[in-house]
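By numbering that gives the first Met the number 0, the letter at position 41 of the sequence shown is numbered 40, and the numbering carries on one by one without gaps. For each residue, glycine too, the CB sits at the ideal point set by N, CA and C. First up is the structure itself, then whatever we jot down about it.
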Amino acid sequence: MTSDLFSVRGLWRALTPADRIVSLALLLGSIALGVAARPSGEPTAAVVTVGGDVVATLPLDRDGRVEVQGRLSPVTIEVSGHAVRVTESACPHRICVRMGARRHSGEIIACVPNALVVRLTGGAADASVPDAVTG
């Protein structure tokens, strides 16, 4: 019987009906929280910072490209179809390029070697997320 407990079917059989209800409730609650916590809303702009200083604010209703000087190298940022992405960067691993397009308020693209952060702002997510917590 102990080897049967290591399988999903065996574990499910070992649970009492109350255990099964609690397990399913926890699973459904976790899924609901994951969906509710996802950034939402239609962003209106992408704020680009380098080293904490705002260097550009890109409206998402106009497609285009902009080149921003990061700490190591220039970074090309593209706005297309109300989404923003980094298309070119000379950073070592190019993680910022591989992150792809971001479309939801509160989402970010970060290029750590260049100290660059692109944050989508506007929409419903900004109203519910505090800028800072003190005390």
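Decide if residue i is buried, meaning its Cβ has at least 16 other Cβ atoms within 10 Å, or exposed.
| i | result |
| --- | --- |
| Ile-30 | exposed |
| Pro-16 | exposed |
| Ala-44 | buried |
| Gly-80 | exposed |
| Ser-104 | buried |
| Val-74 | buried |
| Val-53 | exposed |
| Val-83 | buried |
| Leu-25 | exposed |
Looking at the structure shown, is residue i part of a helix, part of a strand, or coil, going by DSSP?
| i | result |
| --- | --- |
| Val-135 | The first residue shown for the chain is 0 and the last is 134, placing residue 135 beyond what the model contains. |
| Gly-63 | strand |
| Leu-27 | helix |
| Pro-112 | coil |
Might you give, ordered along the chain, the residues of its own chain that have their beta carbon closer than 7 Å to the beta carbon of residue i, omitting 5 neighbours on each side?
| i | result |
| --- | --- |
| Gly-63 | Val-78 |
| Val-65 | Ala-55, Leu-57, Ile-76 |
Under the assumption that residue i contacts residue j (Cβ atoms under 8 Å), give the Cβ distance between them as a whole number of angstroms.
| i | j | result |
| --- | --- | --- |
| Pro-42 | Gly-121 | 5 Å |
| Arg-101 | Ile-108 | 6 Å |
| Leu-57 | Asn-113 | About 17 Å; that fails the 8 Å criterion. |
| Val-116 | Thr-48 | 5 Å |
| Leu-32 | Ser-22 | In fact, because the Cβ distance is near 16 Å, the residues do not count as touching under 8 Å. |
Given residue i, which residues of its chain have a CB within under 6 Å of its CB, disregarding the five upstream and five downstream residues?
| i | result |
| --- | --- |
| Arg-118 | Val-46, Ile-107 |
| Val-96 | Val-85, Ser-88 |
| Arg-61 | none |
Under 8 Å Cβ to Cβ from residue i, same chain only, skipping five residues before and after it: list those, please.
| i | result |
| --- | --- |
| Gly-50 | Arg-70, Ala-114 |
Is residue i close to the ligand MG? I mean its beta-carbon at under 7 Å from any heavy atom of the ligand.
| i | result |
| --- | --- |
| Pro-58 | Absence of the ligand MG is noted for the structure shown, with no ligands found whatsoever. |
In chain order, which alpha helix (DSSP H) runs of at least 4 residues are fully inside the region 71 to 102?
94 to 97
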